[in-house]
Amino acid sequence: MTKRQSLLAGIAAGFLLTLLAAVVLFYFFLKPQLA
Amino acid sequence: MHKGRFVGGLLLGVLLGAATVVGYAASRLFAQPEISFAEMGLQDLEGRPVPIAQLSGHPVVLNYWATWCAPCVEELPDFAKARAEMGQGVLFVMISDEPAAKVKAFLKKHPYPFTFWRVRQPLPGVMARPATYAFNRAGLIVEKQVGMMSPASIREFIEAAKK
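Line by line, the protein sequences are chains G and X. Note that the working numbering has the first sequence beginning at 1, numbered continuously upward. Note that the working numbering has the second sequence beginning at 1001, numbered continuously upward.
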């Protein structure tokens, strides 16, 4: 794996993890409060 | 795998993801879809459905509020002032999705001269309040704003509704 590929893999992983965290946070914590 | 690069990328990805989430949330929060009187399912405080005909032909300034919403309550005196100064012939309708008893209790303490009605459910797609709409005589939305209104924008809404 080249340096560039490692960087891109990191960006992709970080991005997806953050979106996942936001979705989990919303459905389990925020949505019950809004309802 | 270059660990340093991966971790650097991970941080960058988290930042990008956070920006995306915040941007999306903000766009949803400040969304204010155009919504007709019929879609709102208006009721008076006794639970009777409000006939839409009662609104047609009138300029209407409609404010989506709640007794628990501090900025909503804060802007009511400005609405009252603008109504007294230039609101002749304009219907000021305040709608909330709270139980009627809550609104009635609020009105006992603060008897504002507006029409207070209920909606059975939160307005679809409107995530934040206060949200204010100006409807012209034809029942079309001519102005809308999410968030607290300045006295100047209240006047603009009244003018727009009257046109």
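Using N, Cα and C, we set each Cβ at its ideal position, and we do this for glycine too.
So, for residue i: in the same chain, excluding its five sequence neighbours on each side, which residues have a beta-carbon less than 7 Å away from its beta-carbon?
| i | result |
| --- | --- |
| Tyr1250 of chain X | Within the shown structure, residues of chain X are numbered from 1001 to 1163, placing residue 1250 of chain X beyond reach of any answer. |
| Lys1104 of chain X | Leu1045 |
| Asn1136 of chain X | Pro1059, Val1142, Ala1161 and Lys1163 |
Within 7 Å of any Cβ in chain X, is that where the Cβ of residue i sits?
| i | result |
| --- | --- |
| Phe15 of chain G | yes |
| Leu19 of chain G | yes |
| Leu25 of chain G | no |
| Leu30 of chain G | no |
I need the DSSP call for residue i, collapsed to helix, strand or coil.
| i | result |
| --- | --- |
| Val1126 of chain X | coil |
| Ser1056 of chain X | coil |
| Tyr1112 of chain X | coil |
| Phe1030 of chain X | coil |
| Ser11 of chain G | The sequence shown places Ile at residue 11 of chain G, not Ser. Helix, per DSSP. |
| Met1086 of chain X | helix |
| Glu1098 of chain X | coil |
Within the same chain, show all residues whose beta-carbon is closer than 6 Å to that of residue i, passing over the 5 residues directly before and after it, in chain order.
| i | result |
| --- | --- |
| Tyr1133 of chain X | Leu1062, Ile1141 and Lys1144 |
Do residue j and residue i come within 7 Å of each other at the CB atom, strictly closer than that value?
| i | j | result |
| --- | --- | --- |
| Ala1161 of chain X | Val1090 of chain X | yes |
| Phe1030 of chain X | Val1146 of chain X | yes |
| Phe1037 of chain X | Leu1010 of chain X | no |
| Ala1066 of chain X | Glu1098 of chain X | yes |
| Ile11 of chain G | Gly1013 of chain X | yes |
| Arg1005 of chain X | Leu17 of chain G | no |
| Gln1043 of chain X | Pro1049 of chain X | yes |
| Val1021 of chain X | Ala9 of chain G | no |
When you compare the CB of residue i with every CB in chain G, is at least one pair closer than 7 Å?
| i | result |
| --- | --- |
| Arg1005 of chain X | yes |
| Arg1147 of chain X | Reading the sequence as shown, one finds Gly at residue 1147 of chain X and not Arg. Not one chain G Cβ lies under 7 Å of Gly1147 of chain X. |
| Ala1018 of chain X | yes |
| Leu1012 of chain X | yes |
| Gly1009 of chain X | yes |
| Met1001 of chain X | yes |
| Val1021 of chain X | yes |
Measure from the C-beta of residue i to each C-beta in chain C and report whether the shortest distance is under 7 Å.
| i | result |
| --- | --- |
| Val1050 of chain X | This model lacks chain C altogether, as its protein chains are G and X. |
Near residue i, which residues of its chain fall below 8 Å by C-beta distance, leaving aside the five closest residues on each side in sequence?
| i | result |
| --- | --- |
| Thr1115 of chain X | Leu1091, Phe1092, Val1093 and Met1094 |
| Gln1121 of chain X | Gly1041 and Asp1097 |
* Asked: Does the count of Cβ pairs from the segment 1013–1030 of chain X and the segment 14–28 of chain G closer than 8 Å reach three?
  -> yes
* Asked: Are there three or more Cβ pairs, one per stretch, closer than 8 Å when the segment 1146–1163 of chain X is compared with the segment 1063–1083 of chain X?
  -> yes
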